[in-house]
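Residue numbers (the working numbering), protein chains in the order written: chain V, 2 to 259; chain B, 76 to 343. All residues carry an ideal CB built from backbone N, CA and C; glycine is no exception. The structure appears right after this line, and notes come after that.
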Amino acid sequence: MIGRYAVRFASLGYLAVLLVAPVGYVFWKTFQHGFGPAWDAVTTPDAVHALKVTLILTAIAVPANTIFGVLSALAIVRHRFPGAGIFNAVVDLPLALSPVVVGLALLLLYGRGGWLGGHGIAFALPGMVLATIFVSLPFVVREVVPVLREIGTEQEQAAATLGASWLQTFRRVTWPAIRWATAYGVVLTTARALGEFGAVSVISGRLTGETESMTLYVQDRYRSFDDVGAYASSVLLALLAVLTLIVMTRLRPKEETQ
Amino acid sequence: MAANATALPAAAARRSLAPGLSIGLSTIYLSLIVLLPLAALSWKAHGWQAVTNPEATAALELTLGVSLLVALVNAVAGTAIAWTLVRDRFVGQGLVNALVDLPFALPTIVAGLTLLALYGPRSPVAVDVSLKRTGIVLALLFVTLPFVVRTVQPVLFELDREMEEAAASLGAGRARIFLRIILPSILPAILSGVALAFARAVGEFGSLVLISGNIPFKTEVVSLYIFGRIESGDPGGAAAASVVILGISFGVLLAIGVLRRWVTRHDR
């Protein structure tokens, strides 16, 4: 019995020291002089602009990767095609790749002297969008693939036999089965897109009030010794993270009972 | 049944162009978003002294060293946390379970900042890990926390307890049961989580930017070294160093793939 409690307290202690205490401390630091200063710090024109940039990046990357995610999950699970193995590995690559490398790759492609340079993509919003799409690409695919494998094709075949078109089969049979997995993937994609830092840091050129996203703004504030600004914008991002976490927790049981 | 699971019936496939469309569109998307930039990266990589100079090799050694350490700590801590979540019962367990995902949801720059606030130069608990390798390890442990927990947890949950009960009735102690019965079953999951954590640690950037101070030969990891090369106007060298860690990432991914196949073979 002693062993059991030892494992419990060691685990919870580890989580407390590494996770709960630092995050809790930043929340406390932000609000120790009340709500006012924190609110003022995240409503400066630069902060509002940074938040707007982050929301734009997310609003483009998430739908794009959701459509791609469902399509490629269907391609991976339902069809045999040459190069499927490589396709699978490339889909996973953004998970294991350093964000800085992603940013650099985009810079070398779209920057000065790049193959597709000189179209206003690098050091501008389009480059940041591409970086965000790149890093958040695998999540929907990875969530939908196992569910598609598990449900098999019996029902889809039955629908096809009864004369349903591909689109009808997808809408009435396949989609209801993968809906929650897709939603869970969307949540993960959103979290990643909101929080992307390294790739965007390289490709954006980080012009305050122009190509600065919320994560870049946090670093900018910290470097300018503006603790209140850095902590308050961190807390804003952390609150979005917590919101994501709540949605994740709500969706997981549904996904597992599928 | 097994044959059916791989392809739509011919009749449905014939009726529509949609299957070909899904393969075609997703291949184009993947090529434009992922492959084209990586091709440019490999093409423009030049100046291998950017990889072989002492600063670069020191950065690479440091990166691999701390990533390995972080992976090992995760193997133990992650398994212990998974154990606490599956086999233990206490008030607030659901909350702890949700908290484990926090590092996935929290932006890395915020992770670095929060660690720096509590364990940095103005630490209220008089612990300063900034500009030190300890700080790098701490930040990496933070961002890699969920990997082992989330791979081990479902396997532990599905584990049949009958074997453990049989072993206990035959007089085996708790440690012996864990080592001989439980550990072999969850080892592939632990390894796969450890590999993911290692790959993540090798490429980590955001959480280290503020905490490491980026001191060459001391706290400069590869991703920060690459960033420095870009900033100082040597994208070719940065690309050369990137190709090296790209190779490491890909190798780890392949290893995980092999591991997964090994696991599914054990399942049968």
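- For Glu-213 of chain V, there is no enclosing alpha helix (DSSP H), as DSSP gives it neither H nor E.
- Per the coordinates, the alpha-carbon of Val-212 of chain B lies some 46 Å from the alpha-carbon of Leu-96 of chain B.
- Here Thr-127 of chain B is not near Ile-265 of chain B, since their CB atoms are 7 Å or more apart.
- DSSP places His-50 of chain V inside the alpha helix (DSSP H), whose first and last residues are 46–79.
- In terms of Cβ geometry, Val-202 of chain B and Gly-210 of chain B do not form a close pair [threshold 7 Å].
- Listed by position along chain V, the residues whose Cβ is nearer than 7 Å to that of Thr-209 of chain B form an empty set, because the closest Cβ is around 13 Å away.
- For Thr-183 of chain B, the enclosing alpha helix (DSSP H) starts and ends at 183–194.
- Short of 8 Å from the beta carbon of Thr-154 of chain V, and not among the five residues preceding or following it, lie these beta carbons of its own chain, in chain order: Arg-79.
- In the structure shown, Lys-293 of chain B falls within a coil segment according to DSSP collapsed to helix, strand and coil.
- Secondary structure within the region 206–275 of chain B: the alpha helix (DSSP H) runs of 4 or more consecutive residues, fully enclosed, are 208–233, 237–244, 249–252 (chain order).
- The Cβ neighbour count for Glu-197 of chain V, taken over all protein chains shown within 10 Å, is at least 16; the residue is labelled buried.
- Residue state for Gln-33 of chain V is assigned as coil, using DSSP reduced to three classes.
- Contact annotation: in the region 286–306 of chain B, residues whose CB is within less than 7 Å of a CB in chain V are Ser-298, Ile-301, Phe-302, Ile-305.
- Asp-93 of chain V: member of the alpha helix (DSSP H) spanning 85–97, first to last residue.
- Taking the CA atoms as reference points, Gln-124 of chain B sits about 19 Å from Leu-139 of chain B.
- Look at Thr-132 of chain B here: in three-state DSSP terms it is helix.
- For the region 238–270 of chain B, residues whose beta-carbon sits nearer than 9 Å to a beta-carbon of chain V comprise Arg-249, Ala-250.
- Counting only the Cα atoms, Gly-104 of chain V lies some 54 Å from Ala-247 of chain B.
- With a cut-off of 8 Å on Cβ pairs, the region 158–166 of chain V is not in contact with the region 95–103 of chain V, counting fewer than three such pairs.
- Annotation for Thr-175 of chain V: no alpha helix (DSSP H) segment contains it, and DSSP assigns it neither H nor E.
- Non-local beta-carbon contacts of Leu-52 of chain V in its own chain, meaning distances under 6 Å to residues more than five positions away in sequence, involve Met-215 in chain order.
- The beta carbons of Ala-250 of chain B and Ala-120 of chain B sit no closer together than 7 Å.
- In terms of beta-carbon proximity, Ala-146 of chain B stays away from the interface with chain V, with every pair separated by 7 Å or more.
- Segment contact: the region 178–188 of chain V against the region 117–134 of chain V, fewer than three CB-CB distances shorter than 8 Å; contact not assigned.
- A Cβ-Cβ distance of about 5 Å is found for the pair Gly-210 of chain V and Asp-47 of chain V, placing them in contact under the 8 Å criterion.
- When rounded, the separation of the alpha-carbon atoms in Val-243 of chain V and Ser-137 of chain V is 18 Å.
- Below the 8 Å Cβ cutoff, chain B contributes no neighbours of Trp-40 of chain V, its closest Cβ being approximately 18 Å away.
- For Pro-177 of chain V, no CB of chain B lies under 7 Å from its own CB, so it is not counted at the interface with that chain.
- Ile-286 of chain B places its beta carbon less than 7 Å from that of Leu-191 of chain B.
- The DSSP-derived three-state label of Val-21 of chain V is helix.
- For the C-beta of Thr-159 of chain B, the chain V residues within less than 8 Å are, from N- to C-terminus, Val-8, Arg-9, Ser-12, Leu-13.
- In the DSSP annotation of this structure, Val-109 of chain B is not part of any alpha helix (DSSP H), being labelled neither H nor E.
- Within the region 18–52 of chain V, the residues whose Cβ lies closer than 8 Å to some Cβ of chain B are Leu-19, Leu-20, Val-21, Ala-22, Pro-23, Val-24, Tyr-26, Val-27, Lys-30, listed in chain order.
- Proximity of Trp-116 of chain V to chain B, defined by a Cβ-Cβ separation below 7 Å, is satisfied.
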